[in-house]
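**Q** Okay, here's the structure, questions in a sec.
Have a look at this one:
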């Protein structure tokens with residue numbers, strides 16, 4: 011069995027397991043001061059740690075004190091990078107959304123047949139998921155409880171709509187089947203793609219390219235072999 | 011736009027919206043006594059309300075007091091049906107898993123070609139999702155933090171393995187393509203199917219049958235029309 015397919019259905023460490031390793035949750039205020047010899051954090055590293063904490067504990071349950079404990083920084087040091095917890099969330103969701111939206115403006119998404127453009131966008135989305143795995147995981151968990159989250163949901167909807175438009179165009183030019191509602195098609199396509207955050211573990215032999223090829227093969231040509239088609 | 015495709019990416023009401031309607035969270039102990047004229051709850055109705063609360067608030071954040079408030083029952087009345095909160099979770103996850111596992115033992119899943127059996131199981135899984143939408147939603151959020159959750163994850167893994175075995179059998183008899191790892195295939199198939207809990211709203215014109223047909227059409231035959239295949 012290949013290591014890069016995680017057969018468990020958990021997403022990342024279960025709650026508490028990471029704390030059990032580091033004891034970060036147990037760190038009181040006195041222990042959140044910078045530790046000697048700990049490497050400095052730039053803005054991106056602070057964000058990486060915050061995103062991991064949001065995934066493990068949920069955004070609401072992650073306090074700045076908990077983050078400070080994980081980073082071994084003072085809260086003031088975090089505020090130096092991000093003036094509020096919500097700014098950490100905004101920056102994290104921006105990275106996921108900027109990645110996805112960026113795919114839509116690439117040459118491959120704006121030139122060629124509708125099917126070529128759709129294929130480019132699906133392939134690009136898989137790459138963004140693999141490269142920004144925790145960031146997209148966080149994005150997919152957003153429920154719209156705050157202004158920052160609602161804004162992220164709006165941007166996701168716009169992205170979905172752009173993909174649906176490509177599905178419609180490829181249906182209208184006769185390339186894609188016309189017996190499935192294009193919005194259902196888009197949902198099923200991103201059901202496949204988004205599931206990657208639940209089971210793919212980076213660093214294995216399956217590259218993002220291979221994974222994207224698998225998704226496109228299933229979505230466009232289906233699993234049936236030519237000779238078994240009815 | 012059809013009503014039954016929820017274009018938002020939220021799952022159910024955002025946190026707090028339901029409380030805002032009912033004021034249940036604000037109900038103090040004195041208000042959790044049974045209300046006059048309120049219909050009685052049987053075990054299944056109590057479970058339905060508990061599952062909705064677990065989805066809205068998360069299992070950990072849902073107290074028996076909150077449930078009592080939502081139900082308009084005393085905590086003792088809930089304990090009469092379920093002796094502990096974890097028993098509510100166990101019963102809820104059992105209903106989702108019993109449904110999925112039940113599909114595997116049906117005639118269509120045990121007789122016929124591997125492809126026919128696989129198709130039956132995928133179709134049956136879509137039906138279970140639609141009929142048990144909140145229960146499967148809860149199952150898909152389980153992270154393995156407690157014994158009950160770990161047991162549920164074990165059963166999900168066994169179910170996935172049974173589906174993967176069917177994919178392997180259909181590949182070996184030449185029906186399904188052999189250039190994708192069967193476990194990746196299973197993941198992508200259930201990525202599509204499980205996404206249904208995020209966007210499907212029951213009661214619309216799209217029946218579970220139609221939805222299952224859409225999933226099978228994409229998965230087995232792909233989106234490309236015959237004349238556009240390369």
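Chains as they are written, first to last, in the numbering used here: chain R, 11 to 240; chain V, 11 to 240.
Idealized CB from N, CA, C, for every residue including glycine.
Computed from a predicted structure; not experimentally measured.
What residues from the region 114 to 147 of chain R come within 8 Å of chain V, judged by C-beta to C-beta, listed N to C?
**A** For the region 114 to 147 of chain R, which is checked against every Cβ of chain V, the residues closer than 8 Å are 125.
**Q** Looking at C-alpha atoms only, which residue of R:230, R:239, R:66, R:145 is the closest neighbour of residue 187 (chain R)?
**A** Position 177 of the first chain holds residue 187 (chain R). Per the Cα distances, R:230.
**Q** Counting only beta-carbon atoms, is residue 55 (chain V) nearer than 9 Å to chain R?
**A** Indexing the second chain from 1 puts residue 55 (chain V) at position 45. By this cut-off, residue 55 (chain V) is not an interface position.
**Q** So what's residue 51 (chain R) in DSSP terms, helix, strand or just coil?
**A** Position 41 of the first chain, counting from 1, holds the residue named residue 51 (chain R). Three-state result, residue 51 (chain R): coil.
**Q** Does DSSP put residue 76 (chain R) in a helix, a strand or coil?
**A** Within the first chain, residue 76 (chain R) is the residue found at index 66, counting from 1. The answer is helix: DSSP assigns residue 76 (chain R) an H, G or I state.
**Q** Cβ closer than 7 Å: which chain V residues qualify as neighbours of residue 186 (chain R)?
**A** Position 176 of the first chain, counted from the start, is the residue given in the question as residue 186 (chain R). Ordered by position in chain V, the residues that pass the 7 Å Cβ test against residue 186 (chain R) are 233, 234, 235.
**Q** Answer yes or no: does any C-beta atom of chain V fall closer than 9 Å to that of residue 94 (chain R)?
**A** In the first chain, residue 94 (chain R) corresponds to position 84, counting from 1. Answer no: the Cβ-Cβ gap between residue 94 (chain R) and chain V never drops below 9 Å.
**Q** Taking C-beta pairs closer than 9 Å, name the residues in chain V that residue 217 (chain R) reaches, listed in chain order.
**A** The residue labelled residue 217 (chain R) in the question sits at position 207 within the first chain. Under the 9 Å cutoff, chain V gives no residues; its nearest Cβ is about 13 Å from residue 217 (chain R).
**Q** So does the region 166 to 184 of chain R actually touch the region 163 to 171 of chain V, counting three or more Cβ pairs closer than 8 Å?
**A** As far as the Cβ criterion goes, the region 166 to 184 of chain R does not touch the region 163 to 171 of chain V, which means the pair count is below three.
**Q** Checking 9 Å against the spacing of the C-beta atoms, do residue 140 (chain V) and residue 110 (chain V) come in under that value?
**A** Residue numbering aside, residue 140 (chain V) sits at position 130 when the second chain is read from its first letter. Residue numbering aside, residue 110 (chain V) sits at position 100 when the second chain is read from its first letter. No.
**Q** For residue 91 (chain V), which residues from the same chain have a beta carbon less than 7 Å from its beta carbon, with the 5 sequence-adjacent residues on both sides left out?
**A** Translated into positions along the second chain, residue 91 (chain V) becomes position 81. So the qualifying residues of the chain are 53, 56.
**Q** Three-state secondary structure (DSSP) at residue 237 (chain R)?
**A** As a first step, residue 237 (chain R) must be located in the first chain, where it is residue number 227. The answer is helix: DSSP assigns residue 237 (chain R) an H, G or I state.
**Q** Looking at the unbroken alpha helix (DSSP H) that takes in residue 214 (chain R), where does it start and where does it end?
**A** On the first chain, position 204 is the one that residue 214 (chain R) refers to. Premise fails: residue 214 (chain R) is in no alpha helix (DSSP H) and is neither H nor E.
**Q** Measuring straight from C-alpha to C-alpha, what distance separates residue 116 (chain V) and residue 106 (chain V)?
**A** Here residue 116 (chain V) is taken as the residue at index 106 of the second chain, counted from 1. Here residue 106 (chain V) is taken as the residue at index 96 of the second chain, counted from 1. Between residue 116 (chain V) and residue 106 (chain V), the C-alpha separation is close to 16 Å.
**Q** Use the C-beta contact count for residue 129 (chain R): other C-beta atoms within 10 angstroms, 16 or more gives buried, fewer gives exposed.
**A** Sequence index remark: in the first chain, residue 129 (chain R) carries index 119 (1-based). Result: buried.
**Q** Which one of R:58, R:93, R:98, R:50 has the shortest CA to CA distance from residue 70 (chain R)?
**A** Along the first chain, read from residue 1 onward, the residue named residue 70 (chain R) stands at position 60. Closest option to residue 70 (chain R), Cα to Cα, is R:98.
**Q** Tell me residue 186 (chain V)'s beta-bridge partners as DSSP assigns them.
**A** Mapped onto the second chain, residue 186 (chain V) falls at position 176. Beta-bridge pairing links residue 186 (chain V) to R:234.
**Q** Output the distance between the C-alpha atoms of residue 233 (chain V) and residue 127 (chain R), rounded to the nearest integer angstrom.
**A** Here residue 233 (chain V) is taken as the residue at index 223 of the second chain, counted from 1. Here residue 127 (chain R) is taken as the residue at index 117 of the first chain, counted from 1. Going from the Cα of residue 233 (chain V) to the Cα of residue 127 (chain R) covers about 15 Å.
**Q** Spatial neighbours of residue 72 (chain V) within its chain, please: CB distance less than 6 Å, with the 5 preceding and 5 following residues excluded, ordered by chain position.
**A** Counted from its first residue, the second chain places residue 72 (chain V) at position 62. 63, 64, listed in sequence order.
**Q** Is there contact here, the region 201 to 213 of chain V with the region 190 to 210 of chain R, by at least three beta-carbon pairs under 8 Å?
**A** Taking 8 Å as the limit for Cβ pairs, the verdict is that the region 190 to 210 of chain R does touch the region 201 to 213 of chain V.
**Q** Report the option in V:235, V:77, V:82 whose CA atom is closest to the CA atom of residue 185 (chain R).
**A** As a position in the first chain, residue 185 (chain R) is number 175, starting the count at 1. Looking at the Cα atoms, V:235 is the closest of the given residues.
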